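Data first, discussion second: the structure below is written as structure tokens.
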Amino acid sequence: MLAAWLVVAVLSAGFAHTVAASAPTQGGVVLDRYGGLRTFGGASLDTSGAGRWSWDIARAVTLAPSGGGWTLDGWGGAHPFGGAPALTGLPYWYGWDIARALVVLPDGHSGYVLDGWGTIHQFGGAPALSGEPFWQGQDMARGLDVHLDSSGTPDGGAVLDAAGGLHPFGTYPYSLTAPPSYPGRDMYVGLHDVGGHVYAVGRFGIVTEVTTGGSLAPDWSGYADSGADDGIRDVVLAGATGGGAQPVSFMARYAWQQATGPRGGAVLDGYGGLHPFGGLSLDMAGASYWPNWDIARSVALMPGGAGGWTLDAWGGIHPFGAAPALSGYPVWHGWDIARALVVNPDGHSGYEMDAYGGLHPFGGAPQLNGAPYWSGWYIATGLVVHYDSAGTPDGGWTLDAWGGTHNFGAAPAAPGPQYWAGRLMYIGLHATYGGDMYAIGRWGPVSATTGENFRPWWSGYSDWGSWDILRDIALVGDDSTARPSQPVSADASSTYWHHVWVYNFNIGPVRQGLPLDCESAALEEATRAKGNDISQYTIFNALPNYDKGPATWSGGHIAQWGDPYGEFVGNVYGSESRGTGYGVYDPPLVAVARQFGFNAVGVERGGPEVVFNAIAMGQPVLIITSDTYTPVATYWWTAYDGRAVPYSLSDHAVTIVSEDGVAGTITLNDVWDGRMKTFTMSQFASFWTAYLDMAVILQ
């Protein structure tokens with residue numbers, strides 16, 4: 009799921025960990041991506057009032073000496089729970105997920121926040137620390153442990169980076185052996201100390217002691233990880249003894265092994281050609297290929313790229329490399345119906361999905377129930393299987409070609425890609441070993457559906473431009489600290505979006521009933537498209553119209569008048585050319601639309617793609633343009649309130665009623681005469697952006 013690095017730091021005083029009597033002294037606590045806390049090993053912890061979020065933003069938790077503790081979110085907010093006091097003076101990065109670790113000193117109000125670049129920010133009177141590593145512009149720092157001298161004063165510590173590197177600074181007397189290091193990868197989330205035992209927390213909750221010669225053996229009773237779902241954001245231990253080795257589930261260990269293996273992926277074309285990228289050394293020996301026959305549909309890769317299997321449209325599964333032959337799968341000879349292939353971690357069982365959504369287990373895989381089924385409709389395109397912690401399939405997700413993502417069985421609901429009703433835009437759905445799902449669009453654009461942790465290795469990737477021959481993209485890693493973006497070609501991107509930009513509101517035309525109420529009439533049509541018709545007269549009467557007087561002219565142009573950003577300017581029965589009536593701009597229209605319950609937003613200088621995308625998502629758009637539908641000169645007057653106002657005496661408002669990106673056209677309803685007018689998208693862009701570039705969108 010979403011990427012987040014959560015790191016919790018505990019304090020080390022000499023070789024003894026300072027824990028007050030009222031804090032837990034055995035077991036520990038696990039923090040998940042949403043802020044959920046669960047204890048294990050008999051730890052008694054008051055978690056009442058702990059922060060909870062609906063998205064992946066929890067980053068650290070630290071325990072208070074007096075009980076309870078604090079959760080750190082990625083923006084830097086510290087949220088007390090269990091009676092812990094509120095902290096003040098912490099740095100805060102609104103909207104930027106960069107806070108990585110929180111240390112609170114024994115006084116319960118001062119401490120440190122570590123950001124992803126490695127800077128340590130003191131708060132509450134804590135002394136400054138120095139000598140820590142710094143990664144300018146790189147989100148690399150993950151864990152922080154602070155050392156206290158004999159008087160309790162912080163005098164040094166250690167930082168753990170994402171790849172596993174340990175960086176002591178100041179006074180830090182521990183003898184450390186770094187955990188396994190994975191350069192360029194994001195494998196670790198925290199660094200901690202308990203009772204003189206320093207340990208790193210890796211993805212999937214895997215704990216590794218880094219104290220040289222240490223024998224960390226806490227009480228793990230009741231502990232459970234999240235399997236291959238990379239949702240654990242920290243594991244904090246309250247005691248170092250009383251148990252033994254950490255119980256790591258089969259799927260968590262499997263996911264760790266795959267996440268630390270080779271990176272990259274492979275593209276499958278319709279003829280069966282395989283095209284590795286991202287440095288993946290893929291064994292393609294024996295791969296099936298059908299020259300000039302678009303029959304390949306899906307590919308599944310073995311861990312590390314040792315081989316894999318290609319699914320053809322009739323249901324045949326063809327191994328390559330070191331992959332074994334599979335058996336028991338369905339075949340529909342001569343029928344283009346097979347769409348997706350999943351091979352389970354055991355390497356011999358799995359599932360085929362047909363275009364109706366039917367799931368067909370093979371090789372001893374258990375039957376999965378509850379998946380959606382569209383009888384007779386070729387709409388299902390992607391399948392991801394969910395596994396319990398022991399590796400047994402117990403549900404999953406299917407993707408339809410419009411972008412709908414449908415969970416079934418034990419799989420939780422998950423977000424999908426952008427939904428394009430009525431448009432066949434998606435060809436596949438996969439999940440990485442860390443549980444990050446991604447959808448594959450036609451022509452190759454990949455959409456991460458579960459968050460920012462999706463960071464594939466894209467070097468060497470390429471598509472086929474406007475040729476619709478790409479059939480699948482399988483990844484074996486998505487944790488590059490370089491955060492590269494997918495190199496989608498201009499032709500592929502343009503072709504994709506032109507197929508997205510196809511939408512028709514199917515509403516009748518509206519004509520303006522007053523000489524200058526075009527904005528109100530256009531907004532009426534937009535509300536009609538949302539299924540709640542608000543009369544243009546009701547809309548106009550709700551608009552501010554304080555000054556109905558004429559304009560002041562100078563040199564053939566208007567020099568001063570009202571402010572259309574705040575009210576309807578002039579008289580609705582007046583004339584633009586005579587300067588007795590004008591109109592209104594987006595802010596008052598947005599306010600009135602919201603007054604009637606619509607989620608309206610104004611757009612100024614947003615570019616035509618903003619309009620095209622809104623229409624594609626079924627969001628009606630009112631635009632302010634010129635009634636000539638050609639680029640016009642823009643002049644300026646000074647409003648009575650001092651604002652500089654751009655204007656044209658051909659100012660007009662209309663509603664967009666349909667677009668067809670494949671044909672390259674956009675259709676408007678001109679409320680002046682109630683007629684539909686169609687322009688090329690380039691024509692629309694030229695006249696709309698030349699004057700104001702202003703719109704109101706009902707989301």
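FYI, the numbering for the sequence shown is 9 to 707, going by the numbering used here. By construction, the Cβ of each residue, glycine as well, lies at the ideal position given by its N, Cα and C atoms. Model, not experiment: these values are computed from the prediction.
Rank the options by C-alpha distance to the C-alpha of residue i and give the top, closest one.
i	options	result
I106	T440, D123, A94	D123
L367	F177, D354, V393, T220	V393
R241	S488, P93, L45	L45
A333	F370, F285, A346	F370
W61	W83, F48, T47, G50	W83
P5	A263, S289, T179, T400	Missing from the structure shown is residue 5; the chain here goes from 9 to 707 and no further.
R347	G280, A363, A498	A363
G650	A641, A567, S634	A567
A447	V218, P558, L531, L391	L391
E532	A267, S158, D678, S488	D678
D525	G557, Y469, F142, Y590	Y590
A680	S223, D659, E217	For clarity, residue 680 is Trp in the given sequence; the question names Ala instead. Of the listed residues, the one whose Cα sits closest to W680 is D659.
P523	Y581, I387, G49	Y581
Y102	T503, L113, G164, G85	G85
V339	D153, G324, L676	G324
D64	G50, L53, D81, G49	D81
R67	N377, D344, R211	R211
A671	P639, T503, S183	T503
R150	L174, P162, M702, T249	L174
L437	A419, I481, P420, Y469	I481
Which residues bound the alpha helix (DSSP H) around residue i?
i	result
Y207	Segment 205 to 210 is the beta strand (DSSP E) holding Y207; no alpha helix (DSSP H) there.
Y648	It is not in any alpha helix (DSSP H) - Y648 carries neither H nor E in the DSSP assignment.
A500	498 to 508
Y637	From DSSP, Y637 is part of no alpha helix (DSSP H); its letter is neither H nor E.
N621	616 to 624
S694	689 to 698
Y262	258 to 267
On the premise that residue j lies in contact with residue i, defined as a C-beta separation below 8 Å, what is that separation, rounded to the nearest angstrom?
i	j	result
V167	E140	6 Å
P517	M684	7 Å
D233	G213	4 Å
A8	A330	Past the edges of the chain, shown from 9 to 707, lies residue 8, and the structure says nothing about it.
P187	G198	Not confirmed; about 11 Å, so no contact.
G403	N415	7 Å
G273	S257	Not really, about 26 Å apart at Cβ, beyond 8 Å.
G230	S467	Actually they are not in contact, since the Cβ atoms of G230 and S467 sit about 44 Å apart, beyond 8 Å.
V618	V611	6 Å
H205	T219	5 Å
V202	V209	With 8 Å as the limit, V202 and V209 do not qualify as a contact, their Cβ atoms being about 12 Å apart.
D571	A647	4 Å
T688	T675	The Cβ separation is near 11 Å, so there is no contact.
Can you find the residues in the same chain that come closer than 6 Å, C-beta to C-beta, to residue i, ignoring five residues on each side of it along the sequence?
i	result
H326	S296, T318
A29	Residue confidence is low: A29 scores 38 on pLDDT, short of 50, so the model does not pin down where it sits. No coordinate-derived value is stated.
G132	G97, H117, S118
P423	T457
D444	T458, N461, F462, D486
P616	A693
L245	G36, V202, P226
Apart from the five residues on each side of it in sequence, which residues of its chain come closer than 8 Å, Cβ to Cβ, to residue i?
i	result
G521	A529, Q544, Y545
W644	A652, V653, P654, Y655
Y427	W410, G411, G412, M625
Y262	A236, P353, G399, Y441
Span of the beta strand (DSSP E) holding residue i?
i	result
R67	66 to 71
Q130	128 to 131
R479	478 to 483
V662	659 to 668
I6	Absent from the structure is residue 6, since the part of the chain shown begins at 9 and ends at 707.
G273	273 to 277
G449	445 to 449
I674	673 to 678
G164	162 to 169
Spatial neighbours of residue i within its chain, please: CB distance less than 7 Å, with the 5 preceding and 5 following residues excluded, ordered by chain position.
i	result
Y511	I623, A624, G626, S666, E667
P77	Residue identity check: residue 77 is Gly in the sequence provided, not Pro. Cβ neighbours of G77 beyond the five flanking positions: V69, T70, L71, F89, G90, A92.
D476	R450, W451
Shorter than 8 Å from the beta carbon of residue i to some beta carbon of chain D?
i	result
R683	Protein chains in the displayed structure number just one, and chain D is not present.
- request: Starting from the N-terminal side, write out each stretch of the alpha helix (DSSP H) that is 4 residues or longer and does not extend beyond the stretch 371 to 439.
  value: Taking only runs of at least 4 residues, no alpha helix (DSSP H) segment lies wholly in the stretch 371 to 439.
message: List, from N- to C-terminal side, the alpha helix (DSSP H) runs of 4 residues or more that fit wholly inside the stretch 526 to 608.
response: Residue ranges of uninterrupted alpha helix (DSSP H) with 4 or more members, entirely inside the stretch 526 to 608 and ordered along the chain, are 526 to 537, 544 to 550, 594 to 603.
- request: Identify every run of the alpha helix (DSSP H) within the stretch 326 to 375, keeping only runs that are complete inside it and at least 4 residues long; order them along the chain.
  value: Look at the stretch 326 to 375 and you find no whole run of alpha helix (DSSP H) that is 4 residues long or longer.
- request: Could you tell me which uninterrupted beta strand (DSSP E) segments, each at least 3 residues in length, are contained entirely in the stretch 53 to 122, listed from first to last along the chain?
  value: Secondary structure within the stretch 53 to 122: the beta strand (DSSP E) runs of 3 or more consecutive residues, fully enclosed, are 66 to 71, 77 to 81, 86 to 89, 107 to 112 (chain order).
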